[in-house]
Structures are given as structure tokens and as C-alpha cells.
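Residue numbers (my numbering): 729 to 831.
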């Protein structure tokens, strides 16, 4: 009975740590999106006459769809692809930590 209680306590600590990591990463991502959107709006208000470039990567399952528009589309697509690769690597690292058995 005591062993079962110890195992339950170990798992409770791991779940709360994982939840805290998820919450912190979620909030960091949310703040980054908010700051980026704010910068884009301010830039558009002050420098409205310039051209717009956009690049993005959308994953549908394992298949990436790369989109780019504007004169600097190549650079934007490259930047978006690098960010997508970094997000996949981060996901795999965090997943490995969660799946790792407790020793």
C-alpha cells in the first residue's frame, strides 16, 4: 500500500511540472504573438506606403505547405521554415522528457 502511495506522489509531481512547463511555453508564445502583432500595426501606421512581404509554413499532418508573397518572400519563407523546424525540435524534446520513465 505504501509503494502505491509513493508512486502516486511521484506522478503528481511530474504532472504538475509538465503542466507548469506547458503554461509557461503557452504564455511565452502568446506574448510573442501579441508583441509581433503590435509591432506590425505600429509599423503599418508610421510607414504605410511600403510593400508587404509574407512567408509562412502550415503543417497538415506531416506535410508542410510553404507560402510566400511579396518582394522579400524568399527571406520570409526561409525564416518561417527555420521557426517551424525549431518548433518541431522543441516538441520532440519536450515529448521525450514526458515519456521518459521514472527511475
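C-beta atoms are modelled at their ideal positions from N, C-alpha and C, and glycine is treated no differently. Note that the coordinates shown come from a computational prediction; the quantities given were computed from them, not determined experimentally.
Burial state of residue i (16 or more Cβ within 10 Å)
i, result
"residue 805", "buried"
"residue 789", "exposed"
"residue 772", "exposed"
"residue 783", "buried"
Alpha carbon of residue i to alpha carbon of residue j, nearest angstrom
i, j, result
"residue 813", "residue 802", "17 Å"
"residue 785", "residue 821", "21 Å"
"residue 747", "residue 826", "11 Å"
"residue 769", "residue 776", "10 Å"
"residue 765", "residue 759", "10 Å"
"residue 751", "residue 745", "10 Å"
8 Å Cβ shell around residue i - same chain, five flanking residues per side excluded
i, result
"residue 779", "798, 799"
"residue 787", "793, 812"
Own chain residues within Cβ distance below 7 Å of residue i, not counting five before or after
i, result
"residue 753", "none"
7 Å Cβ cutoff, residue i in contact with chain B
i, result
"residue 764", "The structure shown contains no chain B; it is built from a single protein chain."
Cβ distance (whole Å) where residue i is taken to contact residue j below 8 Å
i, j, result
"residue 835", "residue 809", "Absent from the model: residue 835. The displayed extent of the chain is 729 to 831, so no value can be given."
- request: Any chance you could list the beta strand (DSSP E) runs of at least 3 consecutive residues sitting entirely within the stretch 742-795, in chain order?
  value: 782-788
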